[in-house]
Amino acid sequence: MSARAAAPGAGSAGHAPPAGYRRAGAALAAEWIKLRSLRSMLLTPLLGTVASIGVSASAVRHNATGYSHLDAVQKAQFDPLGTNFNFVVLGILLFGALGALVATNEYGSGLIRTTLAATPQRGLVLAAKAVLAGLAAFALAVVIVFTTFFTGQAILSGAHAPHVSLGDHYVLAHLLGNVYYMTAAGLIGLFTGVLVRSAAAAITSMFGLLLVLPVLADKITPDAVTRHTVPYLPLNLGDEMLHHHQGLSPGPAVAGLAAWVLVLAAAAALSLRGRDA
Amino acid sequence: MIEARSLTKVYGGKAAVDGIDFQVKPGMVTGFLGPNGAGKSTTMRMILGLDRPTSGTVSIGGRRYQGQVWPLHEVGALLDARAVHPGRSAYDHLRSLAAANGIARARVDEVLEMVGLASVARKRAGGFSLGMFQRLGIAGALLGDPGTLLFDEPVNGLDPEGISWIRTFMRSLAAEGRTVLVSSHLMSEMALTADHLLVIGRGRMIADMPLSELMARDSGGRVEVRSADPQRMAADLRAAGAQVTLEPDGTLGVAGLGSRQIGELAAERGHVLYQLRDVTASLEEAYFRLTGESVEYRAAVPVAS
Amino acid sequence: MSAQAGTVPHRGIRLDSRLRATARSEWIKFRSVRSGPLALSATALTVVAGAWLLGDANRGSYLAASPAGQAAFDPVFTVLQAIELAQLFVGALGVLTVTGEYASGLIRGTFVATPQRAQVLAMRALVFAVVVWACCTAMSFAAFFLGQSALSPAKHAGIGDPGVLTAVSGAGLYLTLVGLLAMFIGVLVRHTPGALAALFGILIVLPVLFLSIIPGKITQNLGEYMPGQAGEQAFHQLHSGAYALGSWPGLGVLAAYVAVAAFAAFALILKRDA
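Protein chains in written order, with my numbering: chain V, 1 to 277; chain D, 1001 to 1305; chain R, 2001 to 2274.
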């Protein structure tokens, strides 16, 4: 009898179970395979990218052709980056919804039980999903942000309107800020999905939290309560980070978005550990 | 009675069901057999009006399913036991079906009692075991006390007591004069339950005959003989025209002669017989022989014989 | 065949009793799952609590506003604005009422019990509409009174003021129509996340796109005729833009969208395999 066959847990094929770090790699690989094999997971980002580029280009084109009709005051206020990235308000909805979908698509079919049986360390499963979703969101965001930037600025320069290039002051920071913003939105969606476990509830929450609630809250004039809560909604944090209307540095806003992600992550981890599959 | 004429269903260029004709008669249990993907579920869905046939017709009691006034009073079906909203109680699930066909609340309690789910009736269906889902599905099929019953894999997930119960129940339903169509992969159960068999393969009807006929025809039945002098017995049998195999332990496997003939031959020739046994092949063997070429999804690992 | 107690003989059944049977079945289905009460509670909480918050918060800003601002102030709409958030819950409920059955496979059981599919959809929509309308109208009135009392002594409205009764009733109708739109989109898409994305896309994303992001006269006009924007005129007391005429035209536009979706839904549900 060979030593291999005698080793406990060796399995009939003689493969030894992988070491700890390999387990992490395996979990990550499993999540990636699951993700890329779903048609909706490939199609939706693709459509979202096309839509983002289209929306951004359309908005920029309108503003570019209208530039020559502006008066001196308006011309001075023209913001080439702002008009390019107005669409991000909707972009974070896409990322939030995608994150929620990645999290919840296993609960509907009961696949979550198979996943947790294959990898009983629930923290690892959640981490694998989060890493994968984060990386995928980051990659998608980079593609969207940089493509829309180059397209938009090209349109602006073609119309002889003010435009910026990558080397200009703060431009790269602004672009990376948008990437960070959308990635954070994706992760917020992911952890919310793990918390509520139902695609319907998660998607509804995303639309409510990321767009409808802030817009509604905006119409309430600031008072003691709203002054301390409304600015910390993700939409307002993102706005603050990118446009610093209050004149502060964007640092606190960046931290605020990170806080959203981390708190939801902790809540999701606790919920995944504590509940039945 | 269920009747299909040239029933065809084409999905994306491929015929899942290809011009089949059959009749499912009342008063007996008809088994519906076939490899996976042969077209059984598609046929059952067409009977129930869920899928529209590409051509051909299928009717129950002479009428299309859509033409039935209160369908659940005519036909009861168990297609997918898990097709229940997980947040709803078993009781409310059956009540919604009953209400749709004007069936009174009392009947819901009755069928729940019949299938043994009365104690968990008010619990959310999401927590049910597979066996409980099956029982719920059977209860739903029985709600309208219908004359025709369709069961797709009814014993799936049932414990032995449940399997025995459903077998007896289906036979009693048939004995009452109802039409019962059962689709199953469990050969041993089918052999005990069905009177008539429909075997489908790759969308075509392969066999449509009583169970006994199928077993006799394709069973390759043999007779096992143990006698005091196996060598002489074998020679005599061969002389009478039978094919004989001689096992090491002296048992003779005889093909071509019935046990009656062998007994009479033995008496004529003065053999002492210890054992004379008819060995009929199982339904499983007959089925494999019949559908061998029609299997679409075959495992690579050979089954130990 | 034995005749069991409680079954109904199947001769001479009239169509209307079949409709009633289907309606009864749909009502049992609606009330026997948690999502209905949950969604409607969330809606009520949002609308009513939101009304108080909005009234309270706008009281100060009204008193500080310019005369022009004060003239344009719409006390009814201001207080009922939380409907913009609440519509998400009603919409999700509408979608789930349909897509939930596709997800579990129950839709086949439903069509086996009632092969007349158009009837099933019609009765489901009817039951849903009646329940949602009753609840949402009640909560709109409650929200109105609560909000107006929070607004005073700033400009506030009484129920008898011109256009107010229309507006408050319009709020209930608006939410009902949104819910129905959601249901029919659910029939068309048959998949919960997809249908939600489609519904929220139409109600929320498109208006933001046309009104805020892409400037231009065409998009502005397009934006005002989006179902959400048009329908919201239903609970305005003061109207502007394309709807200077009133609440009913706006609601009518939304109803037209619902009708188109309904037409498509009925056509597809009859044609497709289950």
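Here a beta-carbon is modelled for each residue, glycine too, at the ideal position from N, C-alpha and C. All of these numbers come straight from a predicted model, not from anything done at the bench.
C-alpha gap between residue i and residue j, whole angstroms
| i | j | result |
| --- | --- | --- |
| D1159 of chain D | L1186 of chain D | 14 Å |
| R22 of chain V | A184 of chain V | 27 Å |
| A2021 of chain R | I1103 of chain D | 9 Å |
| D239 of chain V | V143 of chain V | 21 Å |
| A24 of chain V | A130 of chain V | 12 Å |
| A1121 of chain D | L2106 of chain R | 18 Å |
| T2176 of chain R | L1079 of chain D | 35 Å |
| G2036 of chain R | A268 of chain V | 26 Å |
| A103 of chain V | P2193 of chain R | 12 Å |
| V2131 of chain R | S37 of chain V | 41 Å |
| G1131 of chain D | T2110 of chain R | 22 Å |
| I2218 of chain R | T192 of chain V | 37 Å |
| D2074 of chain R | L2180 of chain R | 27 Å |
| H228 of chain V | V55 of chain V | 33 Å |
| A1098 of chain D | S2025 of chain R | 8 Å |
| M1233 of chain D | S1259 of chain D | 14 Å |
| L235 of chain V | A72 of chain V | 31 Å |
Minimum Cβ-Cβ distance from residue i to chain D less than 8 Å
| i | result |
| --- | --- |
| G2100 of chain R | yes |
| F2089 of chain R | no |
| D2273 of chain R | yes |
| R2108 of chain R | yes |
| T2192 of chain R | no |
| S2277 of chain R | Residue 2277 of chain R lies beyond the residue range present for chain R, which begins at 2001 and ends at 2274; the question has no answer from this structure. |
| V2048 of chain R | no |
| A2118 of chain R | no |
Closer than 8 Å to chain R by CB, residue i
| i | result |
| --- | --- |
| A1099 of chain D | yes |
| H243 of chain V | no |
| F78 of chain V | no |
| H62 of chain V | yes |
| L213 of chain V | yes |
| H1271 of chain D | no |
| I92 of chain V | no |
| F87 of chain V | yes |
| A1083 of chain D | yes |
| A1077 of chain D | yes |
| V55 of chain V | yes |
| A199 of chain V | yes |
For residue i, the three-state DSSP class (helix, strand or coil)
| i | result |
| --- | --- |
| E2224 of chain R | helix |
| M1170 of chain D | helix |
| H2056 of chain R | The sequence shown places Asp at residue 2056 of chain R, not His. Note: D2056 of chain R maps to helix in three-state DSSP. |
| M1209 of chain D | strand |
| I2218 of chain R | helix |
| E1176 of chain D | coil |
| L1007 of chain D | strand |
| Y2275 of chain R | In the structure displayed, chain R extends from 2001 to 2274; residue 2275 of chain R sits before or after that span and is not available. |
| S2278 of chain R | Lying before the first or after the last residue shown, residue 2278 of chain R is absent from chain R, which here runs from 2001 to 2274. |
| L1143 of chain D | coil |
| S2152 of chain R | coil |
| G1137 of chain D | helix |
| L2196 of chain R | helix |
| Y1274 of chain D | strand |
| V2205 of chain R | helix |
| I1103 of chain D | coil |
C-beta neighbour in chain V for residue i, strict 8 Å
| i | result |
| --- | --- |
| A2103 of chain R | yes |
| Q2148 of chain R | no |
Exposure of residue i, with buried meaning 16 or more beta-carbon neighbours within 10 Å
| i | result |
| --- | --- |
| G247 of chain V | Here G247 of chain V scores only 46 on pLDDT, less than 50, and its place in the model should not be relied on; the value that follows carries that caveat. Per the 10 Å Cβ criterion, exposed. |
| E1247 of chain D | exposed |
| R2018 of chain R | buried |
| L43 of chain V | exposed |
| A117 of chain V | exposed |
| V50 of chain V | exposed |
| G1127 of chain D | exposed |
Residue i: CB within 7 Å of a non-hydrogen atom of the ligand SAM
| i | result |
| --- | --- |
| L2165 of chain R | The model depicted lacks the ligand SAM and carries no ligand whatsoever. |
Neighbouring residues, chain C, relative to residue i (Cβ below 8 Å)
| i | result |
| --- | --- |
| F2200 of chain R | Although the question refers to chain C, the structure presented lacks it and instead comprises the protein chains V, D and R. |
Quick check on the DSSP output: what are the complete alpha helix (DSSP H) runs of length 4 or more inside the stretch 73-126 of chain V, in order along the chain? 80-85, 88-109, 111-118
Go through the stretch 1027-1087 of chain D residue by residue and report every complete run of the alpha helix (DSSP H) that reaches 4 residues or more, in order. 1040-1047, 1071-1074
Would you list, in sequence order, the uninterrupted alpha helix (DSSP H) runs of no fewer than 4 residues that lie entirely inside the stretch 2076-2140 of chain R? Listed in chain order, the complete alpha helix (DSSP H) runs (minimum 4 residues) inside the stretch 2076-2140 of chain R are 2083-2104, 2106-2113.
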